[in-house]
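**Q** Per UniProt numbering: the sequence shown ends with 302, consecutive numbering throughout. Where a beta carbon is used, it is the ideal one built from N, C-alpha and C, also for glycine. Every value quoted in this text rests on a predicted model; they were computed, and no experiment measured them.
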Amino acid sequence: MSNVQPSQVPVKKPANRRVDNFKDFYRRLRKNKAALVGLYVLVFLFLVSIFGALDANYNILGVNSNATNLTDKLMGPSAQYWFGTDHLGRDIFYRILHGMYITLGVGFAATFMAALVGVPIGLLAGYYGGWLDTVIMRLMDILLAFPGILLALAIVSVLGGSTINVTIAIAIGALPQFARIVRGSTLTTRKLEYIDAIKALGAKDGKIIFQHILPNILSPIIVNTTLFIATAILSAAGLSFLGLGVQPPTPEWGAMLNDGRNYMYQAAHITFFPGMMIVIVVLAFNLFGDGLRDALDPKAKK
Numbered sequence: 001m002s003n004v005q006p007s008q009v010p011v012k013k014p015a016n017r018r019v020d021n022f023k024d025f026y027r028r029l030r031k032n033k034a035a036l037v038g039l040y041v042l043v044f045l046f047l048v049s050i051f052g053a054l055d056a057n058y059n060i061l062g063v064n065s066n067a068t069n070l071t072d073k074l075m076g077p078s079a080q081y082w083f084g085t086d087h088l089g090r091d092i093f094y095r096i097l098h099g100m101y102i103t104l105g106v107g108f109a110a111t112f113m114a115a116l117v118g119v120p121i122g123l124l125a126g127y128y129g130g131w132l133d134t135v136i137m138r139l140m141d142i143l144l145a146f147p148g149i150l151l152a153l154a155i156v157s158v159l160g161g162s163t164i165n166v167t168i169a170i171a172i173g174a175l176p177q178f179a180r181i182v183r184g185s186t187l188t189t190r191k192l193e194y195i196d197a198i199k200a201l202g203a204k205d206g207k208i209i210f211q212h213i214l215p216n217i218l219s220p221i222i223v224n225t226t227l228f229i230a231t232a233i234l235s236a237a238g239l240s241f242l243g244l245g246v247q248p249p250t251p252e253w254g255a256m257l258n259d260g261r262n263y264m265y266q267a268a269h270i271t272f273f274p275g276m277m278i279v280i281v282v283l284a285f286n287l288f289g290d291g292l293r294d295a296l297d298p299k300a301k302k
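1. Quick one: Cα of residue 303 to Cα of Y263, how far?
2. Assign R190 to one of two classes, buried (16 or more other C-beta atoms within 10 Å of its C-beta) or exposed (fewer than that).
3. Can you give me the C-alpha to C-alpha distance between A237 and A169, rounded to a whole angstrom?
4. Enumerate in chain order the residues of its own chain whose CB-to-CB distance from K13 is below 8 Å, with the five nearest sequence positions on each side excluded.
5. Starting from M276 and walking both ways along the alpha helix (DSSP H), at which residues does that stretch end?
6. Please report the straight-line C-alpha distance between V63 and T186, rounded to a whole angstrom.
7. Name, in chain order, the residues that DSSP records as bridge partners for D91.
8. Could you tell me if Q177 is buried or exposed, where buried requires 16 or more neighbouring beta carbons within 10 angstroms of its beta carbon?
9. Let me know the alpha helix (DSSP H) ranges lying completely inside the region 113 to 181, each 4 residues or longer, listed in chain order.
10. Determine the contact status of G89 and T71, defining contact as a CB-CB distance below 8 Å.
11. Taking 8 Å as the cut-off, decide whether the C-beta atoms of L123 and I213 are in contact.
12. How many whole angstroms separate the CB atoms of A267 and A179, which I take to be in contact at a CB cut-off of 8 Å?
13. For P77, which of N165, T271 and I208 has the nearest alpha-carbon?
14. Beta-carbon within less than 6 Å of A284's beta-carbon, same chain only, minus the 5 sequence neighbours each way: which residues are those?
15. Counting pairs of Cβ atoms below 8 Å between the region 160 to 175 and the region 241 to 254, do you hit three or more?
16. How would you call L287, buried or exposed, if buried means at least 16 neighbouring beta carbons within 10 angstroms?
17. Can you give the Cα-Cα distance for G84 and L97, rounded to whole angstroms?
Structure (structure tokens):
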């Protein structure tokens, strides 16, 4: 007979599956150095954008990015003005800092709105099929017939230039992309045997769609969301550059490019620094999105 009491027998705690899955995901993501660089850059810019939003609204640093100073206009980068000044003497560094949360906010908000509508539409079309699928997909095809930037231009021209209208216009243009990706993944998943088994047990359609199909198609949704944020930021900057987006004197990066285009040969820094920030943000999202695609690929799991 063993002398070990029942209370002394070590009990093995069940492994935390979510923690293990996250560790496995991060291990695969670390193999892509470019994706890690993109992730760290995005985290840094996100934290800076929070500080920029607080400073713009509560004047923590005591600098008004919209204040003009004509005696210091068109000054190059210096110890006093890190990124120089524009044609109105405004500090470009603080305008970029204060405009960061606007540029990133439009990208995130437009993508969220597009996913919020496009994902359920794609789920319904892919799961039920038939006439519902035909109607939804034909509507998406109509939207796809227009280039994204032209569709956004048309919508903003009707609604008027503002941050909210730009966000809505970009989100509408992204609906087909989300709907088609989700529909294709749903068509594949609904044919799997475990879905048939769940139906045989009497599960309702809503439970099958949102508890069994949606969790299994999150990978392409997450990747597409990450990559589209970069596209949304470019579209918002393009609309603002054309004068149809965020209106002056709001320090949005596309609008800053528009302000400095007449001074490119006289003071190139006015357009260089906002353009450089747009390139950095878009490149970081693309690098991170590509890394996510590889890390979330089921074929990469061992």
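**A** In this structure, then:
1. The displayed coordinates of the chain run from 1 to 302. Any statement about residue 303 would go beyond what the structure contains.
2. Here the question's residue 190 lines up with position 190 in the sequence shown. By the neighbour-count rule (16 or more Cβ atoms within 10 Å), R190 is buried.
3. The residue labelled residue 237 in the question sits at position 237 within the sequence shown. The residue labelled residue 169 in the question sits at position 169 within the sequence shown. C-alpha separation (whole angstroms): 13 Å.
4. Working through the sequence shown from its first residue, we reach residue 13 at position 13. Low confidence applies here, because K13 scores a pLDDT of 48, under 50, leaving its location unreliable; read the following figure in that light. Nothing listed; no residue qualifies.
5. The sequence position of residue 276 within the sequence shown is 276, counting from 1. From DSSP, the alpha helix (DSSP H) with M276 extends over H269 to A295.
6. As a position in the sequence shown, residue 63 is number 63, starting the count at 1. As a position in the sequence shown, residue 186 is number 186, starting the count at 1. Using only the alpha carbons, I get a separation of about 51 Å.
7. Reading the sequence shown from its first residue, position 91 is the one you call residue 91. Its beta-bridge partners are T85.
8. To locate residue 177, count along the sequence shown from 1; it is residue 177. So Q177 ends up on the buried side.
9. 130 to 144 and 148 to 159
10. As a first step, residue 89 is located in the sequence shown; it is residue number 89 there, counting from the start. As a first step, residue 71 is located in the sequence shown; it is residue number 71 there, counting from the start. Going by C-beta atoms, G89 is nearer than 8 Å to T71.
11. To locate residue 123, count along the sequence shown from 1; it is residue 123. To locate residue 213, count along the sequence shown from 1; it is residue 213. A contact, by the Cβ cut-off of 8 Å.
12. Within the sequence shown, numbered from 1, the residue matching residue 267 stands at position 267. Within the sequence shown, numbered from 1, the residue matching residue 179 stands at position 179. Not really, about 45 Å apart at Cβ, beyond 8 Å.
13. Indexing the sequence shown from 1 puts residue 77 at position 77. Comparing Cα-Cα distances from P77 to each of N165, T271 and I208, the minimum goes to T271.
14. Position 284 of the sequence shown, counting from 1, holds the residue named residue 284. Correct list, in chain order: G38, V41 and L42.
15. yes
16. Reading the sequence shown from its first residue, position 287 is the one you call residue 287. Classification of L287: buried, given that the 10 Å Cβ count is 16 or more.
17. Within the sequence shown, numbered from 1, the residue matching residue 84 stands at position 84. Within the sequence shown, numbered from 1, the residue matching residue 97 stands at position 97. Spanning the two alpha carbons is a distance of roughly 13 Å.
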